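Chains as they are written, first to last, in the numbering used here: chain A, 112 to 494; chain B, 734 to 903.
Have a look at the structure below, then the notes.
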């Protein structure tokens, strides 16, 4: 036999210089990432580099709004972020209100804040649910989404839509007053939300904290440099909240505190989330106590859109969304439609620079934890 | 009123001591300044030293009649609690502007990448202007005012011979 024809192990699996490197795709199929992908370079179990791959939900809202009048844009603005439609409604309505200079009735301002805080509560419940799913804690996911439905029932009662309120918070106020008996229902849902928050505290056991503590640590200076805002920034020890620093609507009359943690890891973000939910419940209770009687929209009659013009000017409004800073730059040249709208969502920065930064050097098993601990929403990144 | 807006006026005074700007206070916590594009980076470095360390957003507005793009940089100061907007205009036919990445780093990088794609603005000094949202896009920058999306869609996606799609050509 010819010895040269023997197959050696080197011939079957040649050892190359590449070693244990390989490419790994997280997303974009919606299996727990949202419509968004991250391309990762892995060495063994460790992420070497990450590259975000956005664009799967790009719908071009900014361009669409240039062709529509504000009342139509109010409906469009729901769709900017699926998970907190009412907060984006408010951002849009405030930009138009500031341009037109309309005096929004006091009752409408209270209803706006009430809806924005309810929306924050349900968004934080999604956050808790998705983060539980990310660490493999299915019970937390199911309980959070179950209790979120009680808040969606309230949205259905008040706005007519469970997820998308169809422009309930519109320029000039809100579309209609709170229906009879809604105050009792809101109080009942708040009690239920307190139940789920107690459950969250009970679940904060060895599993939850050991999977999140020390994972995805974001330092304060990195957070500011990368443009992190909202709960992500507050979990890094920066006490910044648009509701207090740049107050809009009636937030300067309300009494609430801003939870801050110093650690900057996923567990700190989770703790900030829990505290923020408590603060939101406190805000809603204050609003229900103080809400005045009166009109809910100015003007009460809706003028045919063809006659309404937006006065010339430009504004930049900032709001505190559940996930961070949400802004709108609106420019008008005196036409019926805005000339240019720029929407600034928190997730463009959370999902690209911040996520890429945090994933570098992480373990594969921690990717979903880091990803969901940032409370992300691909919809408002792509717009 | 003037007393309340003292800190806003102070920001304009501090900037105009060093730069030739056109500044105004719109309301409480809102300051707008306009500068020519040659002094943009120097101004950005200066205001960052003043405390405007959070770049909230960059935006581009297209003015085709004027032949200009207007760039707006919205900056927030965590210490002063003021939103400062810097506006500058660049030539629309030759849209090149210096990048602010050296000033606000990764945050600015991603915003500039977006506007390179949507408006076709060239940011000199930004090394990664790869496409962000649009996949396999070969048309003109789609957010420009003169981009006729109806015509583009008709040519690219519809067939005039197809009976069901003829309505798009009426």
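All residues carry an ideal CB built from backbone N, CA and C; glycine is no exception.
Remember, it's a predicted structure, so these values are computed and weren't measured experimentally.
Flag residue i as yes if its beta-carbon sits less than 8 Å from any beta-carbon of chain A, otherwise no.
i, result
"residue 860 (chain B)", "no"
"residue 900 (chain B)", "no"
"residue 750 (chain B)", "no"
"residue 723 (chain B)", "Residue 723 (chain B) is absent from the structure shown; chain B starts at 734 and stops at 903."
"residue 865 (chain B)", "yes"
"residue 786 (chain B)", "yes"
"residue 801 (chain B)", "no"
"residue 745 (chain B)", "no"
"residue 843 (chain B)", "yes"
Helix, strand or coil for residue i? Go by DSSP, reduced to three states.
i, result
"residue 468 (chain A)", "helix"
"residue 106 (chain A)", "An answer regarding residue 106 (chain A) cannot be provided, because it is not within the stretch 112 to 494 covered by chain A."
"residue 765 (chain B)", "strand"
"residue 499 (chain A)", "Because chain A in this structure spans residues 112 to 494, residue 499 (chain A) falls outside the shown range and cannot be described."
"residue 866 (chain B)", "coil"
"residue 488 (chain A)", "coil"
"residue 234 (chain A)", "helix"
"residue 817 (chain B)", "strand"
"residue 154 (chain A)", "strand"
"residue 430 (chain A)", "strand"
"residue 758 (chain B)", "strand"
"residue 390 (chain A)", "helix"
"residue 366 (chain A)", "coil"
"residue 436 (chain A)", "strand"
"residue 112 (chain A)", "Any answer about residue 112 (chain A) is weak, because its pLDDT of 44 lies below 50 and its placement is not dependable; what the coordinates show is given next. Coil at residue 112 (chain A), not helix or strand."
"residue 453 (chain A)", "strand"
"residue 404 (chain A)", "coil"
"residue 503 (chain A)", "Outside the shown range of chain A, which is 112 to 494, sits residue 503 (chain A), and nothing can be said about it."
"residue 378 (chain A)", "helix"
"residue 812 (chain B)", "coil"
"residue 248 (chain A)", "coil"
"residue 793 (chain B)", "strand"
"residue 803 (chain B)", "strand"
"residue 442 (chain A)", "strand"
"residue 425 (chain A)", "strand"
"residue 148 (chain A)", "strand"
"residue 798 (chain B)", "coil"
"residue 773 (chain B)", "helix"
"residue 893 (chain B)", "coil"
"residue 738 (chain B)", "coil"
"residue 159 (chain A)", "strand"
Please determine whether the Cβ atom of residue i lies at a distance below 7 Å from any heavy atom of the ligand MN.
i, result
"residue 147 (chain A)", "With respect to the ligand MN, the structure shown offers nothing to examine, as it has no ligands at all."
Flag residue i as yes if its beta-carbon sits less than 8 Å from any beta-carbon of chain B, otherwise no.
i, result
"residue 165 (chain A)", "yes"
"residue 464 (chain A)", "yes"
"residue 150 (chain A)", "no"
"residue 436 (chain A)", "yes"
"residue 432 (chain A)", "no"
"residue 156 (chain A)", "no"
"residue 427 (chain A)", "yes"
"residue 260 (chain A)", "no"
"residue 169 (chain A)", "yes"
"residue 173 (chain A)", "yes"
"residue 335 (chain A)", "yes"
"residue 481 (chain A)", "no"
"residue 140 (chain A)", "no"
"residue 351 (chain A)", "yes"
"residue 356 (chain A)", "yes"
"residue 576 (chain A)", "Chain A is shown only over 112 to 494; residue 576 (chain A) falls outside these bounds and no answer can be derived."
I believe residue i touches residue j by the beta-carbon criterion, under 8 Å. Please report the beta-carbon distance rounded to the nearest angstrom.
i, j, result
"residue 482 (chain A)", "residue 466 (chain A)", "7 Å"
"residue 843 (chain B)", "residue 740 (chain B)", "That belief does not hold up - the Cβ atoms of residue 843 (chain B) and residue 740 (chain B) are roughly 30 Å apart, past 8 Å."
"residue 457 (chain A)", "residue 340 (chain A)", "5 Å"
"residue 221 (chain A)", "residue 398 (chain A)", "5 Å"
"residue 282 (chain A)", "residue 407 (chain A)", "That pair is no contact at about 13 Å."
"residue 172 (chain A)", "residue 454 (chain A)", "6 Å"
"residue 892 (chain B)", "residue 898 (chain B)", "6 Å"
"residue 433 (chain A)", "residue 235 (chain A)", "6 Å"
Mind pulling the chain D residues with CB within less than 9 Å of residue i?
i, result
"residue 789 (chain B)", "This model lacks chain D altogether, as its protein chains are A and B."
Going along the segment 868 to 897 of chain B in order, which residues come within less than 9 Å of chain A, judged by CB to CB distance? Those would be 868, 875, 876, 878, 880, 882, in chain order.
For the segment 438 to 460 of chain A, which residues have a CB atom closer than 8 Å to at least one CB atom of chain B, in sequence order? So the list reads 438, 440, 442, 450, 451, 453, 455, 459, 460, given in the order they occur along the chain.
Uninterrupted alpha helix (DSSP H) stretches inside the segment 824 to 872 of chain B (no shorter than 4 residues): Here the runs fully enclosed are 834 to 852.
Residue ranges of each alpha helix (DSSP H) within the segment 172 to 215 of chain A, 4 or longer: Every alpha helix (DSSP H) of 4 residues or more that sits fully in the segment 172 to 215 of chain A is shown, in chain order, as 172 to 176, 181 to 189, 196 to 211.
If you scan the segment 262 to 349 of chain A from start to end, which runs of the alpha helix (DSSP H) of 4 or more residues do you find wholly inside it? Here the runs fully enclosed are 293 to 314, 317 to 323, 331 to 337, 341 to 345.
Check each residue of the segment 806 to 819 of chain B: if its Cβ is closer than 7 Å to any Cβ of chain A, include it; give the result in chain order. Result list: 807, 811, 814, 816, 818.
Identify each residue in the segment 317 to 333 of chain A for which the Cβ-Cβ distance to at least one residue of chain B is less than 8 Å, and report them in chain order. Going along the segment 317 to 333 of chain A in chain order, one finds no residue with a Cβ nearer than 8 Å to chain B.
The segment 817 to 840 of chain B: positions lying closer than 7 Å to chain A by Cβ: Per Cβ criterion, the list reads 818, 838, 839, 840.
Interface positions of the segment 765 to 778 of chain B facing chain A (Cβ-Cβ less than 9 Å), listed along the chain: Here the close residues are 765.
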